[in-house]
Amino acid sequence: MSNLRFSVIYKFETFIIFILSLVTFLPPLFYSLYMEDEEILTFLVPVFLALFLYSLSAPIKSRKLSEKEALFIAVSIWFVFPLFTALGYVLSGFIHDPIDAYFESVSGFTTTGASILQDIEKLPESVLLLRSITNWIGGLGFAVFAVSFLTTRLPIGRAIVKFESSRIVEEKIEPRVKEVTKIVFIVYMTLTTTEILLLKLTGLNWYDSITYTFSTVATGGFAPDNYSVGTFNSFAVEVVISLFMVLGAINLQLYYVAYKKRSVMKFFTDQEVIVFLAIISGSVIFATTVLYISGLYTDIYESFRYALFQIVSAATTTGFSSTDYSNWHPSVLSLIMILSLIGAVGGSTGGGIKIFRVIVIYRTVKGELKKLAHPKSVYRITIKGRSLENSTITTFWAFLSLYIATTILFGFVLTLSGHDLITSFSASVACITSLGPGLGDVGPASNFSIFNDFEKLVLTFEMIFGRLEIIPVISMLFIKNI
């Protein structure tokens, strides 16, 4: 790492942190002032700390970032900025253990939604608003949010956005990253505003409408209530949230393309979206049938209602729940874990392996099987009308191998303390896919407080690995060789 200019890195990173601190802490600060809940320092101290750290970089000249420096910032900021929110949680007095506070913070920004809080409703509304905002910001990514808000000429390189937000911004639509991020941000704001209004129409108050929307469009899953969406016992609320979980799990740039082409059919001609919706539809039908036949619910309507919400929540890796599904048939529980591993559409706020990778893997396997029957034939793997180079396919398989290996390794680490297999490996899956709740002792009616501090730190790292899709994190460890 000797060729990295750490002074330049410091200036860029502290600047982004300061911008993010304003977006993260000012809304709950104003709400705290309105509610007079005496939580002002919870939000002011992190902002002033970020400002102080950035002010120290004033003598450093702004220079164009190299690829390696951009990679270092894009990865390291995911470890650093959650410390500021963790500080806020500790200052609030409701999370005393710094490791717990860091876990909660990382879980929010990575849109995982896993929590160590045993009684969420004890926290002031302003602090719960902060939790939801961490989901909302994390849905787009730190770099996208920072670049979207920039009005200065500080040279933020396109490499930061490319490394940190590969699942959000694809540079092929527009040559200028800043323009792309603003387009995506406008789409994100439009989804957010629309869902808030629709939830208000279902009967929710403004606070619940806003906090649940922030977590929904980001496919994050943080709820301000102990029983998540089940608190409202409203099918109308569940339908609205289900709809926007799906919308958040679709490539955000498709909205721009659909707008530009003036055609909603762009959504239904996109291969990933078609496969994604087909998987959800088939899974809902299967889960509804199993729940009804098993006699868990008295009629087909109830079976469909609860199956729909839980399946959509899992497939989009959101992690909301409308009921405690831990006692459901094992086949449905297995399906929930599988759906979270498959994940959402590429370029969305959702986690998981991603649909486009699943398509590539399927076609690669299919092509190899055809080669066995016809060795002299040549098969090209295509997706969205583009042929993939062998190097790209190799990268897909490398990612999948690392993804599976990481999931197994972290699950194994959790078993070392005596946690059962279901709890350990479902917690690992839930963290790397950004799902949130797992099974066993970390099911929808439980939380992650059962783990010790070391295990919580391990899981926070796994959340970040999953959010950044592993390869950038590993690349940073070997940055001198790239």
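In my numbering, the protein residues as written are 2 to 483. From the three backbone atoms N, C-alpha and C, an ideal C-beta is built for every residue, glycine too.
Beta-bridge analysis with DSSP links I384 to R387. Look at L23 here: in three-state DSSP terms it is helix.
Contact check for F44 against G109 fails: the beta carbons are separated by 8 angstroms or more. Where D101 is concerned, the enclosing alpha helix (DSSP H) starts and stops at 99-110. Secondary structure within the segment 262-306: the alpha helix (DSSP H) runs of 4 or more consecutive residues, fully enclosed, are 266-270, 272-294 (chain order).
Residue burial is scored here from C-beta neighbours: D421 has fewer than 16 other C-beta atoms within 10 angstroms and is therefore classed as exposed.
Using a 10 angstroms sphere on the CB of R306, the tally of other CB atoms reaches 16 or more, which defines it as buried.
Taking C-alpha positions only, V240 is separated from S304 by approximately 14 angstroms.
S106 is not a Cβ neighbour of A250, given a cutoff of 8 angstroms. Measuring C-alpha to C-alpha distances from S8 to each of T86, S56, P83 identifies S56 as the nearest. Sequence-distant partners of I18 (beyond 5 residues in either direction) whose C-beta falls short of 8 angstroms from its own C-beta, in its chain, are A51, L54, Y55, I78, V81, F82, F85. Under the 8 angstroms Cβ criterion, the segment 411-426 does not count as touching the segment 365-385, having fewer than three qualifying pairs. Going by C-alpha positions, Y363 is about 51 angstroms away from F49. DSSP places T220 in the coil class of the three-state scheme, outside both helix and strand. Between the C-alpha atoms of I10 and A399 there is a straight-line separation of about 29 angstroms. A431 and L66 have their C-alpha atoms some 35 angstroms from each other.
Between N136 and A219, the gap from beta carbon to beta carbon is short of 8 angstroms. Counting other Cβ atoms within 10 Å of its Cβ, V238 reaches 16 or more and is therefore classed as buried.
Leaving aside the five residues that flank Y293 on each side, the residues in its chain whose CB is nearer than 6 angstroms to its CB run, in chain order, I301, S304. Excluding the 5 residues flanking it on each side, I121 has same chain C-beta neighbours closer than 6 angstroms at N227, in chain order.
The Cβ atoms of T212 and S235 lie no closer than 8 angstroms to each other. Per DSSP, the unbroken alpha helix (DSSP H) holding Y363 starts and ends at 356-374. Taking L130 as the centre and dropping the five residues before and after it, the same chain places the C-beta of P28, P29, Y32, T212 closer than 7 angstroms to its C-beta, in chain order. About 3 angstroms separates the Cβ atoms of G222 and G114, confirming a contact at the 8 angstroms cut-off.
With a contact defined as Cβ atoms closer than 8 angstroms, S435 and R468 qualify at about 6 angstroms. For W329, the secondary structure class from DSSP, reduced to helix, strand or coil, is coil. The three-state secondary structure of S63, taken from DSSP, is coil. When the Cα atoms are used, A446 and K371 turn out to be separated by approximately 47 angstroms. Its chain contains L5, R6, V9, I10 as the residues whose beta carbon lies nearer than 7 angstroms to that of E70, once the 5 sequence neighbours on both sides are disregarded; these appear in chain order.
Taking G142 as reference, the option from I475, G351, E463 with the minimal CA-CA separation is G351.
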